[in-house]
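Numbering (numbering that gives the first Met the number 0), first residue to last: 0 to 168.
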Amino acid sequence: MIKILPTEKFKITTYLRPDRVEDKLLNFVEPYKLVRFSFPFGPSSDKPYEGTIENFSFRIQRISKYKKRNSLPVIEGIISPQERGSLINVTIKPNQILNLFMSVFPLFYISISMVVGFSLFLHSDNDARSMGILFLLSPLWMIIVSFFTIKSFKFDVQQDKNFLLELFE
């Protein structure tokens with residue numbers, strides 16, 4: 000599978016012991032729920048993240064009322080003890096569904112558009128020719144959609160990174 004979306008890796012050094020790092024994270028993370036109902040004007044979750052924290056590692060994801068879960072980044076981390084505190088190795092990566100969508104859908108869409116576009120463009124009818132031109136230009140729309148999806152993902156990654164850096168500052 001082609002990796003189009005970026006993966007962010009960074010390290011956080013903190014004076015907290017590994018068990019205190021887990022405790023601090025638990026204050027902001029609730030257990031993962033398979034189905035989450037949230038309405039724009041309904042009660043929201045007390046904690047901003049959901050996921051698992053165990054054995055000095057974590058896998059969490061932000062809870063959002065406005066975005067689908069599969070478009071939000073997944074944050075994975077390993078907490079290692081150090082002389083004076085802990086080292087947290089963090090990886091923020093795209094959800095597998097989003098990665099699959101961004102890898103397969105544009106290629107499929109562009110290839111179908113090109114085949115249909117060329118076949119209509121080579122047709123002798125003027126209406127078919129103009130439709131062919133539209134189909135040949137439609138991959139441009141897919142590129143625009145992909146661009147904004149990547150921009151949105153990078154914005155979410157930066158929010159999550161800032162949250163973790165402030166939490167363990």
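Note that the Cβ used here is the ideal one computed from N, Cα and C, for glycine as well.
If you're wondering where the values come from, they're calculated on a predicted model, not measured in any experiment.
Residue i - DSSP class collapsed to helix/strand/coil
| i | result |
| --- | --- |
| P80 | strand |
| M0 | With a pLDDT of 45 at M0, under the threshold of 50, the predicted position of this residue should be treated as unreliable, and no value is reported. |
| K32 | coil |
| T51 | strand |
| F152 | helix |
| E21 | helix |
Residue i versus residue j - alpha carbon distance
| i | j | result |
| --- | --- | --- |
| S138 | F117 | Contrary to the premise, residue 138 reads as Pro rather than Ser in this sequence. Whole-angstrom Cα-Cα distance: 13 Å. |
| R83 | N98 | 38 Å |
| K10 | I87 | 6 Å |
| P5 | T148 | 12 Å |
| R19 | S110 | 52 Å |
| F162 | P17 | 18 Å |
| L164 | T12 | 9 Å |
Member of the options whose CA lies at the smallest distance from the CA of residue i
| i | options | result |
| --- | --- | --- |
| I177 | E29, L33 and S70 | Examination of residue 177 is not possible in this model, given that the chain is present from 0 through 168 alone. |
| I62 | F55, N54, I74 and S56 | I74 |
| D22 | I109, M113, V156 and F57 | F57 |
| I59 | Y31, L106 and S70 | Y31 |
Own chain partners of residue i with C-beta closer than 8 Å, once the 5 adjacent residues on each side are dropped
| i | result |
| --- | --- |
| P159 | Looking at the sequence itself, residue 159 is Asp, so the reference to Pro does not match. The answer, listed in chain order, is R61, P72, I74 and I91. |
Beta-carbon proximity list for residue i, same chain, < 6 Å, skipping 5 on both sides
| i | result |
| --- | --- |
| M0 | Because the pLDDT at M0 is just 45, under 50, the model does not fix this residue reliably, and the point stays unresolved. |
Test: residue i CB closer than 8 Å to a CB of chain D
| i | result |
| --- | --- |
| D155 | In the structure shown, chain D cannot be found, because there is only a single protein chain. |
Three-pair Cβ contact test at 8 Å for the region 151-162 versus the region 91-106: yes
Sufficient close CB pairs (3 or more, under 8 Å) joining the region 102-112 to the region 45-63: no
contact_flag[the region 74-88, the region 139-150] where n(CB pairs < 8 Å) is 3 or more: no
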